[in-house]
Amino acid sequence: MRLKGKVALVTGASSGIGKAIAGLFAKEGAEVILAAKDTRKLKAVQKEIQKEGGRAFSVSMDITKRNQVYNSIKTIIKKYGRVDILVNNAGIARWDPIENVSDRDFDEHMLVNVTGYYNCIKAVVPYMVKRKSGAILNIISGSGKNARAGTVAYSTSKFGAAGLSDAVHEDLKKYGINVTAIYPGKTDTPIHDAYLKKSDPKRKKFLRPEDVAKLAIYAATLPPYAKLKEVSLRPEE
0 MRLKGKVALV
10 TGASSGIGKA
20 IAGLFAKEGA
30 EVILAAKDTR
40 KLKAVQKEIQ
50 KEGGRAFSVS
60 MDITKRNQVY
70 NSIKTIIKKY
80 GRVDILVNNA
90 GIARWDPIEN
100 VSDRDFDEHM
110 LVNVTGYYNC
120 IKAVVPYMVK
130 RKSGAILNII
140 SGSGKNARAG
150 TVAYSTSKFG
160 AAGLSDAVHE
170 DLKKYGINVT
180 AIYPGKTDTP
190 IHDAYLKKSD
200 PKRKKFLRPE
210 DVAKLAIYAA
220 TLPPYAKLKE
230 VSLRPEE
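All residue numbers for the sequence shown refer to numbering that gives the first Met the number 0, where the first residue is 0 and numbers rise by one.
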């Protein structure tokens, strides 16, 4: 078990990539803290992991609310003593071109996809620095490298998250903390349900959440001297 004895916090763990990462981390021996706003779905994921013999604890957390994030981290530290791995995964995605996007929608993307990641990183960093160890995985998107038409709010926020990850990587490498930006291409998650039916043949060519989870395991288990600043994963076109 590659993560035996590790404590991992996964945001956006109630579905999609976050759920897959949490499940695989648990199978690899980690004590997984599941975080999301949807308590009902979160509890279901927790039960699913526990049913398969994994160890999981869930916490309702809105990553945009800084004090709530800080208090949640304090609770986790009190219970487990540390956070070895942070997986920043919670996010939103809505697609509109610049002509149609609302100011409110743009601001919300920045708040969730950038500030939310910042809040979680800022909350765990003091504990990781104190131990001089840890891994922070920022699940971004291919749209954080190559913007597409009709995605102005989403792509801008993902470029912001990419910049955040790069800067934090540079700040924390001296402490033996690994920070990795993971850029998945189109992945078959509920985010696409509003635009593509689950039966749409296009989705068969998408990545699976489990594919991203395997990459996350690799990044989370690298030794402190091996720095994986970023990695991209793309489906076959």
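Even glycine gets a Cβ: it sits at the ideal position worked out from N, Cα and C.
Alpha-carbon to alpha-carbon, residue j and residue i
i	j	result
T74	V82	11 Å
K36	A7	18 Å
M127	V9	16 Å
L33	G53	12 Å
T150	A161	16 Å
S101	A43	34 Å
A166	T179	11 Å
N66	Y116	14 Å
Q49	M109	34 Å
P183	V211	7 Å
Beta-carbon proximity check, residue i vs residue j, cutoff 9 Å
i	j	result
G22	L2	no
D95	A152	yes
I138	N88	yes
I16	P208	yes
F158	G143	yes
A12	A134	no
T188	V111	no
P125	G175	no
A215	L136	yes
I84	K5	yes
Residue i classed as buried or exposed, judged by whether at least 16 other C-beta atoms fall within 10 angstroms
i	result
E30	buried
Q45	buried
G80	exposed
A237	As shown, the chain starts at 0 and ends at 236. That puts residue 237 outside it, with no answer to give.
I181	buried
M0	exposed
N99	exposed
L163	buried
I72	buried
K18	buried
A148	exposed
Beta-bridge pairing of residue i - partner residues as DSSP gives them
i	result
L206	T186
N118	None, per the DSSP bridge assignment.
E133	The displayed chain sequence assigns Gly, not Glu, to residue 133. According to DSSP, G133 bridges with I176.
N259	Residue numbering for the chain in the displayed model covers 0 to 236; residue 259 lies beyond these limits and cannot be assessed.
R54	E30
S231	Y182
S59	A35
Any C-beta of chain C under 9 Å from that of residue i
i	result
R81	This model lacks chain C altogether, as it is built from one protein chain only.
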